[in-house]
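Protein sequences, first through last, are from chains A and B.
As numbered in the working numbering, residues 1 to 312 make up the first sequence, in order.
As numbered in the working numbering, residues 313 to 440 make up the second sequence, in order.
C-beta atoms are modelled at their ideal positions from N, C-alpha and C, and glycine is treated no differently.
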Amino acid sequence: MSEITIKTENLGRDYGSLRALEGANLEIERGRVVALLGPNGAGKTTFLHIVMGLLEPTCGKAWLLGADSRSLPSRIASQIGYMGDGDEPPRWTTAEQLIGLQAGACGNFEKAFAKKFLAKLGLSLKSSFGALSKGQKKWVRAALVLAGKPQVLVLDEPAEGLDPSARRSLYDELRDYVTDSDATAIVATHIIADIERVADDVAIINKGHVVTYSALEQLREQVREIQLPAEEKMLGLDEGTDVLGSREVPGGGSLIWVRCSEDGQGDLERIAGERGIVRPVGLETFYLAMTEHNGNAIIEKERSDGHIQQTE
Amino acid sequence: MYLRLDYQSGEAIYRQIVEQIKYKVASGELKAMDRLPSIRELAKQLKINPRTVVKAYEELQSGGLVVMRQGQGVFITAKEPEIPAAVRERIIAELARRMLAEASRIGANQEEVLAIVKRILDEMRAVG
């Protein structure tokens with residue numbers, strides 16, 4: 001069952017003296033929707049471009065549907081549906097013309113699917129591309145990509161510029177497409193709440209490193225936020241608990257984010273004590289813990305005081 | 313069948329499905345021999361991976377609450393969900409303790425908390 005769609009081994013890329021990506025190891029199974037998160041410039045687009053064969057890695061290797069990304073045969077390259085910041089069609093081309101062009105260029109293209117997709121947002125086939133809003137343009141491009149029936153969807157900020165309801169619809173369509181076609185999707189985005197609903201896995205890249213790659217179901221059960229009053233210390237977190245990040249709360253006290261097995265969760269309550277609070281977190285909070293608040297001073301201090309044991 | 317998923321509750325989605333179906337059986341909304349949506353139907357309705365639904369249904373099946381019949385569908389069995397009373401009490405007491413601790417921190421009194429619990433219960437009954 002578990003076929004691997006994308007695999008990377010120690011993948012890295014330098015731009016001159018700048019290391020954009022380093023040591024990326026991922027195995028993405030068929031049928032999954034993967035959220036690729038990270039701050040601007042973290043290496044997300046570099047990663048996607050290497051996987052699709054648009055960019056050579058400086059070290060390591062990537063495979064897409066079993067083929068080396070540096071020499072993807074056309075039968076595999078044609079299975080990629082890519083939506084990125086790339087070229088826009090000329091302003092005057094109509095949606096209908098774009099569908100015609102795409103159908104000519106891509107063997108599997110289903111015109112009826114594309115037309116139906118446009119109708120969902122009430123877009124006319126006669127409207128010229130240049131007259132559309134930023135969000136409507138995204139929707140047209142999504143229609144062109146999905147109607148090509150790709151096995152691998154690579155979407156770089158697909159929902160940018162869409163209003164909340166269209167964003168939700170787009171991700172619903174994406175999820176349905178993956179379920180119906182047993183395809184695989186990797187979606188780089190900053191809009192976390194929407195992707196949280198439909199994604200299976202999350203990969204977070206920060207400063208060129210993959211700092212998390214995990215099933216969302218596991219994160220939901222394992223990641224907790226501990227809120228402590230000002231004078232309280234994190235005494236005795238055991239070895240199985242991974243401290244992810246922390247920050248001070250305005251007015252005193254601190255928030256600490258940890259990841260631990262379900263068995264360890266009772267312990268968290270005990271450690272947090274009478275005045276601490278343990279609560280689950282959503283993907284956005286987890287993301288901030290892994291990027292912005294990772295390696296915060298509170299943790300370093302508690303570690304050096306021996307209140308928190310180093311996990312790795 | 314209406315299921316409501318909470319992505320930030322700290323509970324895995326498959327568990328939420330399991331718990332809500334158990335609740336529907338316990339409350340009588342689902343009865344023996346009722347047919348549940350197919351794996352694909354439920355996955356598409358909830359916009360989740362079909363494998364998450366499989367995991368939920370398998371857990372319900374191993375608990376004896378549903379039976380999956382190849383080619384026919386997924387059916388509620390006659391059996392009620394069996395969670396030992398002691399385990400049930402421990403789980404609920406833990407949840408209540410957490411809720412009360414947080415409520416008192418924000419200055420809510422006992423009556424307020426109980427009134428809110430009751431209101432939510434009524435709402436859940438109304439939705440089913």
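Residue i at chain A interface by Cβ criterion, 7 Å
i	result
B/Y314	no
B/G322	yes
B/Y369	no
B/Y319	yes
With 16 other Cβ atoms within 10 Å as the buried cut-off, status of residue i
i	result
A/W139	buried
A/A131	exposed
B/A438	exposed
A/W92	exposed
A/L162	buried
A/E312	Model confidence at A/E312 stands at a pLDDT of 38, short of 50, so the residue's coordinates are unreliable; what they give is reported in the following sentence. Label assigned to A/E312: exposed.
A/S246	buried
A/A24	buried
A/C260	buried
B/M345	exposed
A/K134	exposed
Beta carbon proximity, residue i to chain B, threshold 7 Å
i	result
A/R220	yes
A/V198	yes
A/G172	The sequence shown places Asp at residue 172 of chain A, rather than the Gly named in the question. Closer than 7 Å to some Cβ of chain B, the Cβ of A/D172 qualifies, so yes.
A/E312	Because the pLDDT at A/E312 is just 38, under 50, the model does not fix this residue reliably, and the value given afterwards should be weighed accordingly. Chain B, which has no Cβ nearer than 7 Å to the Cβ of A/E312, makes this no.
A/E231	no
A/E217	yes
Straight-line gap, residue i to residue j (C-alpha atoms, nearest Å)
i	j	result
B/L317	A/D14	42 Å
A/E9	B/Y326	31 Å
B/G340	B/E323	24 Å
A/A159	A/T285	20 Å
B/N361	A/L37	20 Å
A/A95	A/F129	6 Å
A/L228	A/G282	19 Å
A/G104	A/A166	28 Å
A/D156	B/I418	42 Å
A/A199	B/K343	32 Å
B/A264	A/G264	Lying outside 313 to 440, the shown extent of chain B, residue 264 of chain B is not represented and no answer is given.
B/Y377	A/R197	As written in the sequence, residue 377 of chain B is Leu, which differs from the Tyr given in the question. Computed Cα separation, rounded: 27 Å.
B/E370	B/I329	11 Å
A/T241	A/Y213	17 Å
A/G276	A/E225	10 Å
A/I191	A/Y287	11 Å
A/R279	A/H293	17 Å
A/A203	A/R30	16 Å
A/G273	B/S416	15 Å
A/E221	A/Y82	32 Å
A/I50	A/E56	6 Å
B/D434	B/A427	11 Å
Residue(s) in a DSSP beta bridge with residue i
i	result
A/W257	A/E225, A/G245
A/V34	A/I186, A/D201
A/T94	A/S128
A/H209	A/N206
A/I4	A/E29
A/I80	A/V152
A/F109	A/F109 is not bridged to any residue.
A/L18	A/Y15
B/V378	B/I388
Cross-chain neighbours of residue i in chain D, by beta carbon under 8 Å
i	result
B/T389	The structure shown contains no chain D; the protein chains it does contain are A and B.
What residues in the region 350-362 of chain B bring their beta carbon closer than 9 Å to a beta carbon of chain A?
R352, A355, K356, K359, I360, N361, P362
Which residues, taken in chain order from the region 162-196 of chain A, show a beta carbon closer than 7 Å to some beta carbon of chain B?
D172, R175, D176, T179, E196
Any residues in the region 276-294 of chain A with a beta carbon nearer than 8 Å to a beta carbon of chain B? Which ones, in chain order?
I277, V278, R279, P280, V281, G282, L283
Which of the residues in the region 412-432 of chain B, read from start to end, lie with their CB under 9 Å from any CB of chain A?
A413, E414, R417
Short of 9 Å Cβ to Cβ, which residues in the region 21-33 of chain A face chain B?
G31, R32, V33
Of the residues that make up the region 324-352 of chain B, which ones have a beta carbon closer than 9 Å to any beta carbon in chain A?
A324, I325, Y326, R327, R352
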